[in-house]
Structure formats: C-alpha cells, structure tokens
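In my numbering, the protein residues as written are 89 to 651. All residues carry an ideal CB built from backbone N, CA and C; glycine is no exception.
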C-alpha cells in the first residue's frame with residue numbers, strides 16, 4: 089500500500105483526485121457558479137500502443153504506394169532542357185533497387201545503346217559521342233519508358249577575335265576585339281562588359297603586366313582563351329635557320345646580317361629537327377636517355393638568344409614532333425610499328441597516341457621557352473603518310489577509338505595548356521593542301537579544328553609541291569603567284585571565325601625549276617593581296633634570295649638643335 093507525506097493536501101480516488109480545499113467562488117451575480125479545475129484526459133498504455141500501431145500501418149501503406157507508383161528510373165543527367173558539352177558525353181540515370189537489370193535499356197535518339205552502358209543495382213551510366221544539337225535519352229524497363237531527358241549538346245567554343253592593339257605613351261595598352269557565342273567574357277578571371285554587337289575593350293598597364301588572358305565561356309561550359317602580350321606582337325617576316333647554320337658562328341652572323349639589312353625581323357631556329365637531334369645540351373630526360381642532345385658541336389643557345397635580343401630578331405623555336413629517328417630507334421616501344429612488331433616504314437615515326445611522346449615534346453618546348461624563344465612552332469605534327477599506312481600499328485592506341493584528327497587536336501590542347509603559363513605563342517606547320525577539299529589527307533591535320541588551339545597556322549604552300557592541275561593550274565611550280573594565292577584563299581576560309589592567324593611558308597629553293605627574285609617576290613605579293621602581312625621563307629640550305637627582299641627601314645634619328 090502506498091504511503092504519502094502527511095503534508096499532502098490531496099485525496100486520490102479512483103481515476104481522479106479532488107482537493108480538500110473547497111474551490112473559491114467568485115460571486116458576480118445571484119446565480120454565480122463556482123469555478124472548477126479542468127479535467128485532464130490520460131491515455132492508457134493499451135490505447136497508446138494502438139495509436140502507434142495505426143501510425144506505422146499508415147506509413148507502410150504510404151511507402152508501398154510510393155514504391156509501387158514511382159518510376160523504375162529517374163534523375164537522368166544531363167537534365168531536361170540543359171545545354172552541355174563533352175566528347176564523349178557522360179550520361180547517367182538512377183535505378184530503383186528492385187528493378188530487373190536485364191530488362192533495363194537506354195535509348196539515345198531512338199537507338200538502343202544498352203550494349204555500351206554499365207548497369208548496376210542503382211545506377212545506369214554510359215559515355216556517348218554526340219554531335220552538336222538536340223538529343224533525347226530514354227531509360228526503359230521492358231517496353232515502358234521510365235525516364236527521359238531532352239537536352240542540347242554544344243562542343244563548339246565561343247569565338248574571340250582581337251582586332252586592334254593601341255599602345256599609348258602613358259604605358260596603357262588598349263586591346264579591342266569581338267566575341268561571339270559567349271555567355272560570359274573575362275579578363276584574368278574578372279568579368280568584362282561586352283558592348284552591343286559583341287565588341288569589347290581591355291585597358292592594361294603594360295609596365296605592370298606583360299600578358300593578359302581573355303576567356304570566353306558559353307552556357308555549355310565551352311571555354312576559349314587567348315593569352316596576349318600587352319605589347320602588340322610584331323608582324324613577322326622571317327627565315328628558317330638550321331641547326332648547323334646556328335651552330336656555326338660565321339654562318340649565323342650572315343643570317344643576322346641579312347635580317348639587319350632587309351625587311352626581315354624573325355628567325356625560325358631548329359631546336360629539334362628531322363634527324364631527332366636536339367640543337368643544344370638539353371636536360372629533358374627522354375632526350376638525355378636516348379642521346380638526342382648535341383653536347384659537342386651543337387648550338388650555343390645562350391649566345392643565339394643574346395644575338396636575337398640585341399638585334400631585335402623575333403626567335404621562333406622549331407620542334408619536329410612525330411618524326412624522330414633517334415627516339416624511334418632507341419625506344420621502339422614509342423615508335424609506330426608494323427604488323428610484325430618491327431618499326432614501320434623507314435623506322436623514323438613516333439606514335440602520336442603515346443602520352444610519353446607528348447610529355448617529351450612539351451618538356452622540350454618548355455625548356456626552349458625558358459631559353460628565350462618567343463614562339464614554339466611545331467612541325468611534323470601529324471601521322472605518317474609515306475608508305476602503306478594500312479600496316480601502321482600504334483602501340484599506345486589500345487582501345488582508343490579517336491580519329492586521327494582528334495588525336496592531333498588533343499595533342500595541341502595539351503601543348504597549349506602546358507605553355508600558357510610561360511606566355512609564349514604556339515604555331516604549327518601544315519601541308520599546303522590540307523585546306524583544300526582533300527580534308528585531313530589521312531594525316532590528322534584538320535585546319536579548322538587545329539586553328540582553335542593555335543596562335544598561328546603556317547601552311548607550307550611551296551608551288552613545287554602541288555600536282556599539275558591543282559587549282560586548274562597546269563604547272564603550279566611555274567606559276568608561284570597563283571598557286572600561293574589560291575591555296576591561301578582556302579586557308580582563310582577554313583580559319584574564318586577563329587582567332588588563329590596565317591603566316592605561310594614560301595618557297596625560296598629550287599627543284600625542277602630555278603627559283604630567284606621574281607618567283608619569291610610573286611609569292612610575297614600574293615600574300616599581300618590577301619591582306620596577309622606575315623610570311624616565312626624556307627630554304628633547307630639557308631641561302632636566301634636577298635634581292636627579293638625590301639631593304640630595312642632606316643632607323644629613326646633625332647636632330648640636335650642648338651640655340
């Protein structure tokens with residue numbers, strides 16, 4: 089029996105209690121009633137458990153309805169109505185845990201792509217190469233569409249074009265240009281206002297910043313960047329200088345004197361040529377491993393750079409890319425092979441799929457940039473062509489399904505990204521016919537795509553290299569003006585809409601016909617007629633036709649006056 093303290097004033101009865109104290113009454117009238125305490129209702133344990141059970145039952149019924157009524161697939165990425173980029177594009181969807189995986193299908197634009205998809209208990213995913221435009225992805229279980237998404241693919245980066253540099257006396261460089269297809273424009277990651285018509289203007293203090301990065305980004309995330317010197321780049325009129333000429337003090341002095349006396353202002357100097365030899369004692373690891381650097385009898389690169397700087401000569405580093413007999417012979421695993429496992433053809437070609445080859449070329453380009461070169465020019469940036477290319481085996485390709493042109497473009501992206509922090513320009517030599525209706529000629533040189541990642545394309549429009557009948561010219565070698573003119577028209581069309589500029593290679597050597605002043609000048613004039621004010625002269629022997637060149641402009645003089 090329960091005992092309570094004596095001070096308790098409450099008397100408990102069954103299921104209720106009452107107080108000893110008689111409730112007070114508040115008399116407000118003759119028939120006023122006493123005010124009583126409100127009676128409290130308490131649940132018994134049995135009632136409480138009944139309510140809990142009812143709540144659980146309701147929850148289970150709701151969840152069952154949700155599970156039965158919800159789709160077997162959901163959450164497709166890319167989401168409905170989005171604009172995305174990617175090549176290949178990653179597609180993903182969520183699956184219910186109890187779905188029959190064998191019954192799951194994914195349809196892309198009405199085509200069953202299930203064979204290329206990965207299906208797990210909760211996720212379906214795949215990568216697809218989709219062209220620019222609208223696409224529909226549907227996830228089906230059996231014959232029922234459980235989820236769908238219609239979206240847009242856009243892999244084309246915006247266009248950014250610089251039209252004008254203005255160098256003011258107060259140290260400010262004004263860069264004017266235009267942008268097309270961009271959702272945002274930034275200068276060194278700070279948003280820049282774009283005027284009506286897509287024009288923009290940037291003002292930079294060139295004494296504080298040597299370079300500026302202009303980036304355009306579209307809604308799909310595509311990005312186009314331009315790394316610009318705050319001083320306007322010169323219009324280059326240059327010559328090729330081989331390793332052996334650069335290594336000989338007397339010969340190189342003759343080349344420097346030619347530049348000083350004429351309109352020339354640039355030199356393309358071999359850093360690594362077709363022989364695979366590096367012109368100077370390079371420290372690049374793979375080159376050292378295979379013995380590529382010319383440790384003795386090579387180029388005193390520091391002296392060459394000093395000479396260029398002192399004489400105002402714009403130095404361009406020529407790096408031959410995928411033709412390298414030294415690496416190919418010492419490291420056959422990096423070379424293009426034949427079906428028997430030996431080196432293909434003449435044994436001089438490197439595998440363009442190889443990341444190790446890419447790393448070697450980038451490391452050499454970085455080293456050359458740090459030596460003082462203002463521009464890296466890539467030659468033989470292509471797949472092999474001379475021989476039965478059907479028997480080519482690329483060891484690093486594996487299951488890589490990229491087209492040749494995509495491999496070359498990806499290589500250029502890699503080089504551009506690696507060189508960007510150094511502020512150097514990137515250019516590439518291409519065959520003269522790659523802009524014609526012959527496409528990439530099976531060597532991977534798609535000029536339009538390449539131009540998206542280069543500052544300059546340098547087509548080798550040597551008239552002696554064109555077949556009779558090209559551009560309806562009976563003998564192209566005997567008609568250098570028209571051959572160069574029509575070829576460059578094709579290149580201008582291919583590069584329209586890109587920021588890439590043309591700087592063609594012109595022929596200053598003789599094959600079946602002797603080339604002299606008239607032939608060289610006619611090619612230069614063809615460039616000028618098309619508004620192309622930059623060019624390079626090629627002669628493997630470096631014996632250039634001085635008479636075809638305009639004399640150098642006399643230096644400005646300041647007359648002293650005395651009072």
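Cα-Cα separation, residue i to residue j
{"i": "residue 239", "j": "residue 229", "result": "21 angstroms"}
{"i": "residue 166", "j": "residue 179", "result": "6 angstroms"}
{"i": "residue 481", "j": "residue 575", "result": "33 angstroms"}
{"i": "residue 620", "j": "residue 581", "result": "13 angstroms"}
{"i": "residue 212", "j": "residue 281", "result": "42 angstroms"}
{"i": "residue 513", "j": "residue 503", "result": "11 angstroms"}
{"i": "residue 251", "j": "residue 258", "result": "21 angstroms"}
{"i": "residue 200", "j": "residue 494", "result": "26 angstroms"}
{"i": "residue 184", "j": "residue 221", "result": "30 angstroms"}
{"i": "residue 562", "j": "residue 601", "result": "15 angstroms"}
{"i": "residue 393", "j": "residue 511", "result": "17 angstroms"}
{"i": "residue 350", "j": "residue 340", "result": "16 angstroms"}
{"i": "residue 622", "j": "residue 591", "result": "5 angstroms"}
{"i": "residue 413", "j": "residue 587", "result": "34 angstroms"}
{"i": "residue 159", "j": "residue 421", "result": "52 angstroms"}
{"i": "residue 388", "j": "residue 465", "result": "20 angstroms"}
{"i": "residue 315", "j": "residue 324", "result": "18 angstroms"}
{"i": "residue 384", "j": "residue 469", "result": "28 angstroms"}
Sequence-distant residues of its chain with Cβ nearer than 6 angstroms to residue i (five each side left out)
{"i": "residue 608", "result": "596, 633, 636"}
{"i": "residue 306", "result": "246, 269, 270, 271"}
{"i": "residue 358", "result": "330, 331, 367, 406"}
{"i": "residue 614", "result": "569, 572, 573"}
{"i": "residue 484", "result": "439, 441, 442"}
{"i": "residue 173", "result": "242, 243, 308, 309, 310"}
{"i": "residue 577", "result": "none"}
{"i": "residue 110", "result": "Note that residue 110 has pLDDT 49, beneath the 50 cutoff, so the model's placement of it is unreliable and the number below is only indicative. No residues qualify anywhere along the chain."}
{"i": "residue 304", "result": "246, 248, 267, 270, 273, 312"}
{"i": "residue 564", "result": "551, 554, 558, 571"}
{"i": "residue 328", "result": "356, 626"}
{"i": "residue 202", "result": "193, 194"}
Coil, strand or helix - residue i by DSSP
{"i": "residue 234", "result": "strand"}
{"i": "residue 118", "result": "Reliability of the predicted coordinates at residue 118 is poor, the pLDDT of 47 falling under 50, and the value obtained from them is presented with this limitation in mind. Coil."}
{"i": "residue 30", "result": "The question about residue 30 has no answer here: the residues shown for the chain are numbered 89 through 651."}
{"i": "residue 480", "result": "coil"}
{"i": "residue 340", "result": "helix"}
{"i": "residue 536", "result": "helix"}
{"i": "residue 221", "result": "strand"}
{"i": "residue 443", "result": "helix"}
{"i": "residue 541", "result": "helix"}
{"i": "residue 384", "result": "coil"}
{"i": "residue 510", "result": "helix"}
{"i": "residue 288", "result": "strand"}
{"i": "residue 618", "result": "coil"}
{"i": "residue 183", "result": "strand"}
{"i": "residue 402", "result": "strand"}
{"i": "residue 303", "result": "strand"}
{"i": "residue 141", "result": "helix"}
{"i": "residue 110", "result": "Only weak support exists for where residue 110 lies, its pLDDT of 49 falling under 50; the value from the coordinates is given anyway. In the structure shown, residue 110 sits in coil (DSSP, three-state: anything other than H, G, I, E or B)."}
Sequence-distant residues of the same chain with beta carbon closer than 8 angstroms to residue i, five excluded per side
{"i": "residue 322", "result": "353, 354, 402"}
{"i": "residue 177", "result": "166, 215, 216, 217, 218, 241"}
{"i": "residue 520", "result": "547, 548, 549, 550, 553, 554, 575"}
{"i": "residue 528", "result": "492, 493, 522, 534"}
{"i": "residue 119", "result": "In this prediction, residue 119 scores a pLDDT of 49, lower than 50, which makes its location untrustworthy; the coordinate-derived value is nonetheless stated afterwards. Excluding residues within five positions, none has a Cβ falling inside 8 angstroms."}
DSSP beta-bridge partners of residue i
{"i": "residue 293", "result": "260"}
{"i": "residue 409", "result": "Answer is none; residue 409 lacks a bridge partner."}
{"i": "residue 518", "result": "547"}
{"i": "residue 249", "result": "266"}
{"i": "residue 425", "result": "431, 481"}
{"i": "residue 206", "result": "213"}
{"i": "residue 626", "result": "595"}
{"i": "residue 320", "result": "Paired residue(s): none; residue 320 is not in a bridge."}
{"i": "residue 195", "result": "200, 226"}
{"i": "residue 167", "result": "Looking at the DSSP assignment, residue 167 forms no beta bridge with any residue, so it has no partner."}
{"i": "residue 562", "result": "For residue 562, which the question treats as bridged, DSSP gives no partner whatsoever."}
Where residue i falls, given that 16 or more other Cβ within 10 Å makes a residue buried
{"i": "residue 476", "result": "exposed"}
{"i": "residue 397", "result": "exposed"}
{"i": "residue 432", "result": "buried"}
{"i": "residue 640", "result": "exposed"}
{"i": "residue 450", "result": "buried"}
{"i": "residue 471", "result": "buried"}
{"i": "residue 295", "result": "exposed"}
{"i": "residue 263", "result": "buried"}
{"i": "residue 146", "result": "exposed"}
Close beta carbons around residue i, own chain, < 7 angstroms, minus the five adjacent residues each side
{"i": "residue 205", "result": "194, 212, 213, 214"}
{"i": "residue 603", "result": "595, 596, 597"}
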